[in-house]
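Start counting the sequence shown at 1; every next residue gets the next number (the UniProt record's numbering). Even for Gly, the Cβ is constructed at its ideal location relative to N, Cα and C. Values in this document were obtained by computation on a predicted structure and should not be read as measured data.
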Amino acid sequence: MREVLDQSLIISRDNTIIFHIFNYLPVRLSTLKYFTFLILGIASLWPWNCFLSASDYFQDRFSKYPLLSNNYSSSMMTISTLTSVLFNLYLNKIQNFINYSLIIKIGNYLQMIIFIILTLSIILYPIDWVISYFIFIMINILITSIGSCLTQVGIMALVNMQLPIFVNATVVGNAISGVLPSISMILAVISNDKISLTSSNKDEIKINIEDRQLDAIKYFITSILIALFAQLLFYIMEYYEKRIYIPDDFFNETDNNETMDTTTDEYLELRLDQITKPDDEFITFKQLWKKLKFVELTIIITFSITLIFPVFASNIESTNNISKKLFVPLAFLIWNIGDLIGRLLCAIKLFIIEKNNYLMIYSILRLLFIPLFLYSNIKNRGYIFNDFGYLFIQLMFGITNGQLFSSAYMNVGQLLDKDVEKKAAASFTAFLINVSLLLGSLLSFIVVYYCL
1 MREVLDQSLI
11 ISRDNTIIFH
21 IFNYLPVRLS
31 TLKYFTFLIL
41 GIASLWPWNC
51 FLSASDYFQD
61 RFSKYPLLSN
71 NYSSSMMTIS
81 TLTSVLFNLY
91 LNKIQNFINY
101 SLIIKIGNYL
111 QMIIFIILTL
121 SIILYPIDWV
131 ISYFIFIMIN
141 ILITSIGSCL
151 TQVGIMALVN
161 MQLPIFVNAT
171 VVGNAISGVL
181 PSISMILAVI
191 SNDKISLTSS
201 NKDEIKINIE
211 DRQLDAIKYF
221 ITSILIALFA
231 QLLFYIMEYY
241 EKRIYIPDDF
251 FNETDNNETM
261 DTTTDEYLEL
271 RLDQITKPDD
281 EFITFKQLWK
291 KLKFVELTII
301 ITFSITLIFP
311 VFASNIESTN
321 NISKKLFVPL
331 AFLIWNIGDL
341 IGRLLCAIKL
351 FIIEKNNYLM
361 IYSILRLLFI
371 PLFLYSNIKN
381 RGYIFNDFGY
391 LFIQLMFGIT
401 NGQLFSSAYM
411 NVGQLLDKDV
421 EKKAAASFTA
431 FLINVSLLLG
441 SLLSFIVVYY
451 CL
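Written as structure tokens, this is what we have:
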């Protein structure tokens with residue numbers, strides 16, 4: 001009966017009209033919640049995509065030391081994923097004491113503070129202090145990874161207690177977060193008249209490092225605004241959720257016409273306890289691995305291979321004399337559009353891969369993309385594939401990533417029987433995603449050493 005009341009209460013509250021736009025268009029709580037979780041999904045992965053999409057700017061900034069410049073993407077991914085793995089383990093240990101609403105706010109505040117510091121560093125940090133600035137950037141990446149972990153775990157806990165449509169909102173937001181930073185960087189480059197969109201020689205690049213400071217500032221300010229917008233929406237959502245009144249007689253009768261001595265406030269407090277209170281049955285990672293090993297192996301292989309793409313995207317140059325400052329974020333944009341397409345395709349049952357052996361084979365076959373990248377114009381050393389061919393490869397690499405991950409993730413729930421297993425599988429899968437990203441970032445160093 002409690003489960004029925006949970007769903008009834010949620011639906012009743014979410015259908016409530018909370019305000020009207022221009023005194024005409026009604027806005028329901030469900031609409032506000034969907035949009036809030038969508039923006040939170042964008043904000044939670046924005047820092048990762050921001051640092052990746054800005055790789056060309058940082059490579060220019062570190063160009064005095066080729067070792068640092070060539071290994072920026074790999075270093076960024078390794079520090080970010082290693083921090084995420086360790087911090088996720090820590091959060092798992094203290095899960096009984098976490099206020100999930102609070103950690104979302106802390107995560108967003110951390111992101112805003114770090115990107116404000118990064119914005120100031122572009123203005124105040126001497127360009128000649130390359131090594132110390134590299135260390136400074138890596139420290140900021142570490143802290144933003146902690147903030148992202150807090151936000152992601154908090155969002156996951158809250159949407160698990162909501163209707164499934166809000167889970168979809170966060171997933172769509174995650175995918176959008178990969179597209180927007182690349183668009184932001186491209187617009188910043190195009191809008192700067194001091195940058196030649198066809199320049200490619202080293203002298204012009206050195207001159208343009210200082211000219212591009214304004215572009216990077218715009219880029220980081222966008223990141224601040226995204227986190228701020230997500231925070232404001234979350235506060236507004238909480239405000240309206242607390243204001244909505246559900247009459248106590250909503251609980252007066254059960255299906256058996258039995259009286260329940262539960263008021264609205266008491267019942268809502270009980271639902272809040274369900275978020276923080278651990279289940280009586282503890283599900284170990286080993287138990288989940290027995291049921292999910294093929295699906296989770298698919299995710300590990302998929303993301304481990306995917307993490308080579310930032311290395312190639314940062315070092316493959318245009319065959320048509322398009323400036324790297326425009327071509328690199330364009331490559332990131334094309335890949336992220338492909339990833340979004342792959343995820344959206346899985347809304348159609350035809351494109352969902354359900355058989356474990358097909359998932360495994362498909363994920364391993366993506367290794368064939370590596371030689372295709374090697375035949376592209378790496379550091380102007382010659383090529384087989386022109387710009388169109390290379391960008392098409394990036395698009396397909398993104399589509400296969402999105403389709404594989406979505407298929408595997410959607411299969412998780414189908415392979416488990418109990419609700420307690422499905423809850424535990426959420427954190428288990430999140431942990432393995434970070435492990436796979438860590439493996440991929442470490443493998444990217446090998447790619448840099450042998451291929452660049």
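Residue i - DSSP class collapsed to helix/strand/coil
{"i": "L25", "result": "strand"}
{"i": "I104", "result": "helix"}
{"i": "I316", "result": "strand"}
{"i": "I378", "result": "strand"}
{"i": "T222", "result": "helix"}
{"i": "P126", "result": "coil"}
{"i": "N99", "result": "coil"}
{"i": "Q162", "result": "coil"}
{"i": "N411", "result": "helix"}
{"i": "S191", "result": "coil"}
{"i": "I131", "result": "helix"}
{"i": "T284", "result": "coil"}
{"i": "I308", "result": "coil"}
{"i": "F385", "result": "coil"}
{"i": "D215", "result": "helix"}
{"i": "K418", "result": "coil"}
{"i": "T198", "result": "coil"}
{"i": "L452", "result": "coil"}
{"i": "F234", "result": "helix"}
One or two residues paired with residue i in a DSSP bridge
{"i": "I113", "result": "Beta-bridge pairing links I113 to no other residue."}
Buried versus exposed call for residue i [16 or more other C-beta atoms within 10 Å across all chains shown]
{"i": "K43", "result": "A small correction: the amino acid at residue 43 is Ala; Lys does not occupy that position in the sequence shown. Per the 10 Å Cβ criterion, buried."}
{"i": "D339", "result": "buried"}
{"i": "L118", "result": "buried"}
{"i": "N256", "result": "Here N256 scores only 47 on pLDDT, less than 50, and its place in the model is too uncertain to base an answer on."}
{"i": "D261", "result": "In this prediction, D261 has a pLDDT of 46, which is less than 50 and means its spatial position is unreliable; nothing more can be read from the coordinates."}
{"i": "I135", "result": "exposed"}
{"i": "G382", "result": "exposed"}
{"i": "A347", "result": "exposed"}
{"i": "Q414", "result": "exposed"}
{"i": "P371", "result": "exposed"}
{"i": "residue 464", "result": "Given that the chain is displayed from residue 1 to residue 452, the structure contains no residue 464 and the question cannot be resolved."}
{"i": "Y362", "result": "buried"}
{"i": "F97", "result": "exposed"}
{"i": "W129", "result": "exposed"}
{"i": "Y219", "result": "buried"}
{"i": "E296", "result": "buried"}
{"i": "P66", "result": "exposed"}
{"i": "Q394", "result": "buried"}
Residue i versus the options, residue with shortest Cα-Cα distance
{"i": "F351", "options": "I114, A408, D387 and L158", "result": "A408"}
{"i": "S63", "options": "V447, Y133, Q231 and G342", "result": "Y133"}
{"i": "I217", "options": "I104, F115 and N401", "result": "F115"}
{"i": "residue 454", "options": "L395, L307 and A313", "result": "With the chain represented from 1 up to 452, any question about residue 454 goes unanswered, as that position is not in the structure."}
{"i": "L228", "options": "L110, L345 and L297", "result": "L110"}
{"i": "E241", "options": "F22, L32 and L452", "result": "L32"}
{"i": "L391", "options": "S436, S444 and P329", "result": "P329"}
{"i": "L45", "options": "K355, L452, F445 and I226", "result": "I226"}
{"i": "P126", "options": "Q213, V159 and I106", "result": "Q213"}
{"i": "I364", "options": "N88, N401 and F445", "result": "N401"}
{"i": "L233", "options": "F397, L292, I176 and S101", "result": "S101"}
{"i": "F166", "options": "G154, I94, Y34 and L368", "result": "Y34"}
{"i": "S69", "options": "I143, F58 and I141", "result": "F58"}
{"i": "residue 480", "options": "M410, N357 and F97", "result": "The question about residue 480 has no answer, for the chain in this structure spans 1 to 452."}
{"i": "I446", "options": "Y219, S304 and I139", "result": "S304"}
{"i": "R291", "options": "T429, L142 and N140", "result": "Per the sequence shown, residue 291 should be read as Lys rather than Arg. If we check each option's Cα against that of K291, T429 comes out closest."}
{"i": "I190", "options": "V179, I143, I322 and I236", "result": "I322"}
{"i": "G41", "options": "A157, D387 and K324", "result": "A157"}
{"i": "I79", "options": "L442, Y449 and C451", "result": "L442"}
{"i": "I186", "options": "L326, D387 and I316", "result": "L326"}
{"i": "I341", "options": "S121, G147 and G178", "result": "G178"}
{"i": "C451", "options": "L395, Q394 and F312", "result": "F312"}
{"i": "A169", "options": "L91, T36 and L86", "result": "T36"}
{"i": "L333", "options": "S74, F397 and L416", "result": "F397"}
{"i": "F315", "options": "W48, L52, F22 and L124", "result": "Looking at the sequence shown, residue 315 is not Phe but Asn. That would be L52, whose Cα lies nearest to the Cα of N315."}
Proximity test, Cβ basis, 8 Å: residue i and chain D
{"i": "I283", "result": "As a matter of chain content, chain D is missing from the structure shown, which is built from one protein chain."}
Counting only runs of 4+ residues fully inside the region 319-372, write out the alpha helix (DSSP H) ranges in chain order.
324-345 and 356-365
Ranges of the beta strand (DSSP E) found wholly within the region 44-93, counting only runs of at least 3
none
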